[in-house]
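So the number in this note's numbering is just where the residue sits in the sequence shown, counting from 1, plus 5.
Backbone N, C-alpha and C fix where the C-beta goes; we use that ideal spot for every residue, glycine too.
The model shown is predicted, which means the values in this text are computed figures rather than measured ones.
Have a look at the structure below, then the notes.
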Amino acid sequence: MQALVMLLATGATYYLGLLAAAAAAINPGRPNTPGSLPAHRRQKRDWIWNQMHIDEERNDSLPHYVGKIKSSVDPKKTEYQLRGESAGKVFRVDKNTGDVYALERLDREKISEYHLTALVVDKDSKKNLESPSSFTIKVHDVNDNWPVFTHRVFNASVPEMSGIGMCLVCPSPSPLTHP
Numbered sequence: 006m007q008a009l010v011m012l013l014a015t016g017a018t019y020y021l022g023l024l025a026a027a028a029a030a031i032n033p034g035r036p037n038t039p040g041s042l043p044a045h046r047r048q049k050r051d052w053i054w055n056q057m058h059i060d061e062e063r064n065d066s067l068p069h070y071v072g073k074i075k076s077s078v079d080p081k082k083t084e085y086q087l088r089g090e091s092a093g094k095v096f097r098v099d100k101n102t103g104d105v106y107a108l109e110r111l112d113r114e115k116i117s118e119y120h121l122t123a124l125v126v127d128k129d130s131k132k133n134l135e136s137p138s139s140f141t142i143k144v145h146d147v148n149d150n151w152p153v154f155t156h157r158v159f160n161a162s163v164p165e166m167s168g169i170g171m172c173l174v175c176p177s178p179s180p181l182t183h184p
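Below you can see the structure in the form of structure tokens.
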């Protein structure tokens, strides 16, 4: 939920910035006229990365590439770090590139998502260059278990004049196949 809020806030900030830029182009508060200096605006730095997903039970060799975290801070000065219960155990980040890797095969039936915090720090001083950013890695189900239902046989009656598409019996899978 927090990642969604962050994604929505980032999108809203982006569109508000476009709106402000369009308004400034139509009616600039300080036009660039001969003899005056151009108006400069500071560009806010922020995190640049997407939500991450990985398929469960991948059979290729480890580690598995999951995604990338990136900051707009000068890459020569930055180092990426992960924090959280699964950081360093289940996931690691390449400190220079921001590439995130899974260190083991993941099983969605055991854990369906992992919550981590990304940090971008100065390579020398190790001080934060950006505010820490929480994100979630979601594990996609690959249907590796047969469905298990609550009953072996389901009985149903069809009422006369039933509408097309009416649900007569709605079996649902057990939590093992769909957490």
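Nearest-angstrom Cα separation, counted from residue j out to residue i
i	j	result
L121	E165	54 Å
D104	V71	8 Å
N101	A107	17 Å
D146	R113	6 Å
D127	L67	29 Å
V98	N160	52 Å
S91	S138	16 Å
N64	G89	25 Å
W52	G170	With a pLDDT of 49 at W52, under the threshold of 50, the predicted position of this residue should be treated as unreliable, and no value is reported.
H156	K75	49 Å
D79	D129	13 Å
N148	D60	10 Å
Q56	K73	9 Å
F154	K81	55 Å
G168	V158	24 Å
Endpoints, the beta strand (DSSP E) within which residue i is located
i	result
I210	Limits of the chain in this structure are 6 at one end and 184 at the other, which puts residue 210 out of reach.
L121	118-127
T102	Note, T102: premise wrong, no beta strand (DSSP E); not H, not E.
F140	138-145
L87	83-88
H213	What the structure shows of the chain is the stretch from 6 to 184, and residue 213 is not part of that stretch, so it cannot be assessed.
Residues bridged to residue i (per DSSP)
i	result
Y133	According to the sequence displayed, residue 133 carries Asn and not Tyr. In DSSP, N133 forms a bridge with V126.
F96	A92, A107
Among the options, the one whose alpha carbon lies nearest that of residue i
i	options	result
K132	H58, Y85, Q56	Y85
T83	I59, H69, L134, T141	L134
P152	F140, S177, M57	S177
T141	Y119, N148, D129	Y119
E62	V158, S167, I116, C175	I116
Close beta carbons around residue i, own chain, < 7 Å, minus the five adjacent residues each side
i	result
I31	Reliability fails at I31, whose pLDDT of 48 lies under 50, so the model's placement of it is uncertain and the value that follows must be treated cautiously. Here the set comprises nothing.
E109	L67, V95
L173	A161, V163
Same chain, Cβ closer than 6 Å to residue i, neighbours up to 5 away in sequence not counted
i	result
L124	Q86, P137
K143	H58, E118
H69	R63, A107
Contacting residues, own chain, Cβ-Cβ under 8 Å from residue i (five flanking each side not counted)
i	result
C175	none
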